[in-house]
Structure formats: structure tokens, C-alpha cells
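Below is one structure, written out as C-alpha cells; comments come after it.
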Amino acid sequence: MKKSLLLILTGFMSFPLAALEPMSDQDLQLVEGQAGADLSLKLTLNQKNDGNFDSTLCGKLEFCRIALSVNKRFVTKGVNDKDNIFSVADSNSGHKLWLVFKGVQGTIDIQKLSLDGVDLKYTSDSGEYKGKEIIKPAIQLGYTASSPIKIHNYGFSALSIEQDTFNSTADNEGVGASSKDYGYTKASVYSTVTDIANGKVGTTSVYDQGKETGFTGMMMNGNLALNGKVMIFSCDGSHPRC
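Residues -19 to -1, 1 to 223, numbered by mature numbering (1 follows the signal peptide of the UniProt record, and there is no 0), are exactly what the sequence shown covers, in order.
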């Protein structure tokens, strides 16, 4: 009885053994699979949760800007210039000029961005593999019109050309005593009176009074519907566009 029971238990515990065998490139190409993910991304700048401008965060409007400075763009003092605002163009030294986007804000909501790993197949046009099919791994980014990119109150309130109140050169950057000396953080608003020292520019327009100075603004609202895909892969001489 004991021998019979031992044989039965041995039968239950037995299992087949198989040796591992190497796989060729052809074998691997027969294996199909895909990995991916759907991403969502919401970017908000200087706005509250309801999509309106955050006046608390931007209590000082001069610190809610984006500014660009081009190389060798300066101004020097002209004969009739006053209030430390210069007008004569110079490419070597003087007050540095800034292109300032004021009151920057916006929300961009990317509802769905597909990220996948795929095989890119093409025919080689050069080298030892000319005329043969080449398979390269690629990252694929996909968009669909059913999940458009939402744009809400994206833009700026005023665009202005400003200048520092101190001198700089093409090789050396000058230093201002305070933030008011830099063109990109210089406070300047429309007012009923002109007071350059305190950043006030006189205007009769009731609409403009209290707003930052500038000559244009932009605000975008809408949905951007895209259909298509972008593939990112390593490029070599075998691809016709490399």
C-alpha cells in the first residue's frame, strides 16, 4: 500500500523538461507585440482654476512677462532725448532693447496624446542592404480629432519695446540698481497724467487707463483638432531622407 501511494505521488510531481534554444532574427520578427500609453497634459500659466487671470499671483504685473533681447540692439542718447529714454540706434553699446510680452497667461489642455512603440519599415536605398527591407524601432506620437487640444485665454495683454536705464555693450552686460532699471521688469501703465518717473503714460482713452503700455495684444480661445502621427527613429544613410 505504501509503495502504491509513493508511486502515485511521484506521478503527480513529475513534469517535462525542455532545453532553452537560441532564437534567430527571423524568429524574433515573427513575434508581434506593442507597448503604449495615452497621455493627457494640462499647462496653465498665470491663471486660476476657472481659467481667468490670477491677479493675486500676478499682483505685480511686471513679473508676469516674457521678454526677448536680440544681439547688438542698443540705443544711445539723442539731442532731444529726456527722462533717460534714448532713441539713437547703436550696435555696440548703450541701453539694451527688449521685446516684452506683458500680461502673459493661458491654458493649453492636451486631452489625449498617444505614445506607442512601433516598427518602421522602409526599403534601403544605399549600402550593403540596398533594395532590402529595413525594420527600425520607432516612437510614435499620435493625435485624434475626437480629443482636440483645448486653448483657453492664451496670449498676452500688450506687446512693447522697452529699454534698460543703464548701459551695456555687446560683450559685457550692465547691472541695474533695481528691477525698475531693467526694460523687461519696468512698470508702465496708462494713466490720466504723464509721470515717467512713476511709470505712468498719459492717455484720454478710458478703456486703456490702468492697463500696461504697449501697441498690441493677443488672446486665443478655441479647439485645435489634429489627426495624424509623428514617428521618431534613429536615422542613417539607408533611409532616403537621411
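Virtual Cβ for every residue (Gly too), placed ideally from N, Cα, C. The structure presented is a predicted model; accordingly, all values stated were derived computationally and were not measured.
Local Cβ density within 10 Å of residue i, reported as buried at 16 or more and exposed below that
i    : result
K83  : buried
F137 : buried
L22  : exposed
F67  : buried
Q144 : buried
Y110 : exposed
G209 : exposed
G164 : buried
F44  : exposed
Y188 : exposed
R46  : buried
Cβ-Cβ distance between residue i and residue j below 8 Å
i    : j    : result
L42  : E193 : yes
Q86  : F34  : yes
I142 : L80  : yes
L94  : L9   : no
S72  : K58  : no
T175 : K167 : no
G108 : S219 : yes
A119 : I213 : yes
Residue interval of the alpha helix (DSSP H) (run including residue i)
i   : result
Q10 : 6 to 10
Residue nearest to residue i in terms of C-alpha spacing, selected from the options
i    : options              : result
A151 : I120, L78, S36       : L78
E154 : P129, G75, C39, K58  : G75
H133 : I89, K93, A119, A168 : I89
S172 : G32, T185, Q121      : T185
I177 : G32, V211, K63       : K63
L24  : L1, I91, S160        : I91
K161 : Y124, N65, G32       : N65
G40  : V51, D6, Q28         : Q28
Distance between beta carbons of residue j and residue i, contact taken as under 8 Å
i    : j    : result
D106 : I116 : Actually they are not in contact, since the Cβ atoms of D106 and I116 sit about 15 Å apart, beyond 8 Å.
G17  : L96  : 6 Å
A139 : G195 : 3 Å
Residue range of the unbroken beta strand (DSSP E) whose run includes residue i
i    : result
E143 : 130 to 150
K181 : 181 to 183
I116 : 114 to 124
V81  : 74 to 83
N202 : 197 to 205
L49  : 46 to 49
Within-8 Å CB hit, residue i to chain B
i    : result
K117 : Protein chain content of the structure displayed is limited to a single chain, and chain B is not contained in it.
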